[in-house]
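Q: What follows is a structure written as structure tokens; I'll ask about it next.
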Amino acid sequence: MPRDHQALQLAALEAPEARWIQKPTNASKGKGVRVLRDVAEASVARDHLVQAYLDRPHTIRGHKYVLRLYVLISSLTPLRVYLYRQGFAKLASEPWDPEDADNPYSQLTNPDINALNTRAEVPVEFIDLERYRAWLRDQGHDDARLFARIEDLVALTAISGVDGLRARSAEVGADPRGGYELLGLDCLVDADLKPWILECNLSPSLGTCAAPEDGGLVEERIKGELVHDMLSLVDVAGDHPPAEGSTLRPCWPRPGPRRPGRRLPAPAADG
3 MPRDHQALQL AALEAPEARW IQKPTNASKG KGVRVLRDVA EASVARDHLV QAYLDRPHTI
63 RGHKYVLRLY VLISSLTPLR VYLYRQGFAK LASEPWDPED ADNPYSQLTN PDINALNTRA
123 EVPVEFIDLE RYRAWLRDQG HDDARLFARI EDLVALTAIS GVDGLRARSA EVGADPRGGY
183 ELLGLDCLVD ADLKPWILEC NLSPSLGTCA APEDGGLVEE RIKGELVHDM LSLVDVAGDH
243 PPAEGSTLRP CWPRPGPRRP GRRLPAPAAD G
């Protein structure tokens, strides 16, 4: 917004039953996010965006969730992207209800929003990706296929922004071969187990959000290992040996002998 407001109106006319979700482009902690029943409600203020609302999410025990993925860009020339093997499923604190569009506790998974839900026995719950993938397999799903598609989306997300990142580096005189950026990608999985990247966050929170008994202890350990591996990989101080069982693996480009782990092939043309 506002330059795409007319395009939004046209899209809404073509899909009158569709819903939309609006969010500010430069905010955090779920501030300003809301589901729109009608695009006439959309703000045309600058730096807001509107996305198609995915109305058939996959659920865990009836609760909507998104996957928080951690991505490290360690070089722009050449583009080098690492995807952390661990991460979290972040659950909404109330069961998902498509008719309850105004209830943030069933529609949004942001822990800062759900922490305010005094009705919920477990307002903030994190499930690490290892447990999540095991649960998918127990449900008869192909977790390897899902995460192969997620890895393609991660690579495509980085590729889509690399020209802008390189241009910005040139403006400030930064060497595109060095530096690094840690990203937090939120990925929603729909009822057909198709992944969708909802947003890409700079400077993702590395604090512990969940209570100890609701995933907080695992969250603290995984985030600590993430920071350790990131410092080791970019060699910030030159004295960070990789953590035992390091889980940062190259996502892009195709593998060479430099580091252990499986790199991804080029993403398929259809994403």
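The sequence shown maps to residues 3 to 273 in this note's numbering.
For each residue, glycine too, the CB sits at the ideal point set by N, CA and C.
Using the beta-carbon count (16 or more within 10 Å), is T27 buried or exposed?
A: Result: exposed.
Q: If we ignore side chains and look at the alpha-carbon of each, how far apart do T210 and K25 end up?
A: Spanning the two alpha carbons is a distance of roughly 24 angstroms.
Q: Excluding the 5 residues preceding and the 5 following P113 in the sequence, name in chain order all residues of the same chain whose CB lies nearer than 6 angstroms to its CB.
A: Result list for P113: V126 and C211, in chain order.
Q: Where does G142 land, buried or exposed, given buried means 16+ other C-beta within 10 angstroms?
A: By the neighbour-count rule (16 or more Cβ atoms within 10 Å), G142 is not buried but exposed.
Q: Using the Cβ count rule (16 or more neighbours within 10 Å means buried), how would you classify L219?
A: When all chains shown are included, L219 counts as exposed.
Q: Considering Cα atoms alone, identify which of S207, V191, I129 and A117 is closest to D57.
A: Answer by Cα proximity: V191.
Q: Just mark K196 as buried or exposed, buried being the case when its beta carbon has 16 or more other beta carbons within 10 Å.
A: When all chains shown are included, K196 counts as exposed.
Q: Taking only three categories from DSSP, how would you classify Q24?
A: Reduced to three states, the DSSP call for Q24 is strand.
Q: Could you check whether P97 and H65 sit closer than 8 angstroms to each other, using their CB atoms as the reference points?
A: Taking 8 angstroms as the Cβ cut-off, H65 and P97 qualify as a contacting pair.
Q: Report yes if the C-beta distance between L93 and Y67 is below 8 angstroms; otherwise report no.
A: Closer than 8 angstroms, so yes.
Q: Can you find at least 3 beta carbon pairs, one from the region 170-181 and one from the region 36-43, that sit closer than 8 angstroms?
A: The region 170-181 is not in contact with the region 36-43.
Q: The alpha helix (DSSP H) with R121 in it runs from where to where?
A: Per DSSP, R121 belongs to no alpha helix (DSSP H) and is neither H nor E.
Q: Which partner residues does D188 have in the DSSP bridge list?
A: In the DSSP output, where bridge partners are listed per residue, D188 has R70 and E201.
Q: For Y55 and L233, I'd like the C-alpha separation in whole angstroms.
A: Approximately 37 angstroms, taken between the alpha carbons.
Q: Check the DSSP bridge columns for Q53 and list the partner residues they point to.
A: Paired residues: I23.
Q: Considering only the beta carbon of each residue, do P206 and G186 sit closer than 8 angstroms?
A: Yes, the Cβ-Cβ distance between P206 and G186 is below 8 angstroms.
Q: In whole angstroms, what is the alpha-carbon distance linking C189 and L69?
A: Their backbone Cα atoms lie some 5 angstroms apart in a straight line.
Q: May I have the straight-line CA-CA distance separating Q8 from L15, to the nearest angstrom?
A: Approximately 11 angstroms between the Cα atoms of the pair.
Q: Rounded to whole angstroms, what's the CA-CA distance from R261 to A213? Just pull it up for me.
A: Since pLDDT at R261 reaches only 36, below the 50 mark, its modelled position is unreliable, and the value read off the structure follows with that caveat. So the two alpha carbons sit approximately 35 angstroms from each other.
Q: What does the alpha-carbon distance come out to for the pair E123 and V236?
A: Answer to the nearest angstrom: the Cα atoms are 41 angstroms apart.
Q: Taking Q88 as part of the alpha helix (DSSP H), name the residues at either end of that continuous run.
A: It is not in any alpha helix (DSSP H) - Q88 instead sits in the beta strand (DSSP E) that spans L81 to L93.
Q: For Q109, count the other beta carbons within 10 Å of its own beta carbon; 16 or more makes it buried, fewer makes it exposed. Which is it?
A: The residue is buried, with at least 16 neighbouring Cβ atoms inside 10 Å.
Q: In whole angstroms, give me the CA-to-CA distance for F128 and D99.
A: Each residue's Cα considered, the two are about 20 angstroms apart.
Q: Give me the residue from A29, H50 and G34 with the minimum Cα distance to D6.
A: When only C-alpha atoms are compared, the closest one is H50.
Q: Taking DSSP's pairing of strands, which residues face D129 in a bridge?
A: For the sequence presented, residue 129 should be read as Ile rather than Asp. Answer by DSSP bridge pairing, in chain order: A91.
Q: Where do the ends of the beta strand (DSSP E) carrying L38 lie?
A: Its beta strand (DSSP E) spans residues R36 to L38.
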